[in-house]
Amino acid sequence: MAQHDGNYLQHLADGRIIAIAQRPTTDGGWLVTCEDVTEQQRAESQIAFMARHDALTKLPNRTLLAERIELAVAQVGRGSGFAVFCLDLDNFKQVNDTLGHPVGDELLCAVADRLNACVREVDTVAR
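Positions 0 to 126 (numbering that gives the first Met the number 0) are the ones given, in order, by the sequence shown.
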């Protein structure tokens, strides 16, 4: 159980998330309410993901990249280093213009997958 906004969130084995709120009543008892917040939690997680990731490639976007660079800069003082590597796909516009945007999108996703396969889990490939 995790506390959230004064409520407790119970994660059930079937994947549902139930918010449980408890408050005392004037006669000395307790009022307990339970609400299924599974869809709300999923929507909030999706919004948080979309705010920091590219919709097409699912790679971190500029916002998340900037946060990770800021963190890396802060850690440099502790004796570690980091590098930023920028990549440009030559003639990519020509791919979109001649073969269409769906093919260009597939190319971007394939490049993203290949780059991710080449780096460590602690590294960041971003778009």
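Where is the CB? At the ideal position from N, CA and C, for every residue including glycine.
Note that the coordinates shown come from a computational prediction; the quantities given were computed from them, not determined experimentally.
Using only the alpha-carbon positions, how far apart do residue i and residue j sit?
i	j	result
residue 72	residue 82	10 Å
residue 94	residue 107	11 Å
residue 112	residue 76	32 Å
residue 116	residue 80	22 Å
residue 99	residue 78	47 Å
residue 32	residue 70	41 Å
residue 45	residue 60	15 Å
residue 118	residue 110	13 Å
residue 22	residue 48	33 Å
The beta strand (DSSP E) that contains residue i, what's its start and end?
i	result
residue 34	29–35
residue 22	16–23
Leaving out five residues before and five after residue i in sequence, what residues of the same chain have Cβ atoms less than 6 Å from its Cβ?
i	result
residue 67	123
residue 126	53, 56 and 58
residue 62	51
Could you tell me if residue i is buried or exposed, where buried requires 16 or more neighbouring beta carbons within 10 angstroms of its beta carbon?
i	result
residue 58	buried
residue 18	buried
So, for residue i: in the same chain, excluding its five sequence neighbours on each side, which residues have a beta-carbon less than 8 Å away from its beta-carbon?
i	result
residue 16	8, 9, 10, 35, 36, 37 and 40
residue 102	94 and 95
Compare the C-beta of residue i against all C-beta atoms of chain B and say whether one is closer than 8 Å.
i	result
residue 32	In the displayed structure, chain B is absent; only one protein chain is listed.
Leaving aside the five residues before and after residue i along the sequence, list all residues of the same chain whose C-beta is less than 7 Å from its C-beta, in chain order.
i	result
residue 104	55
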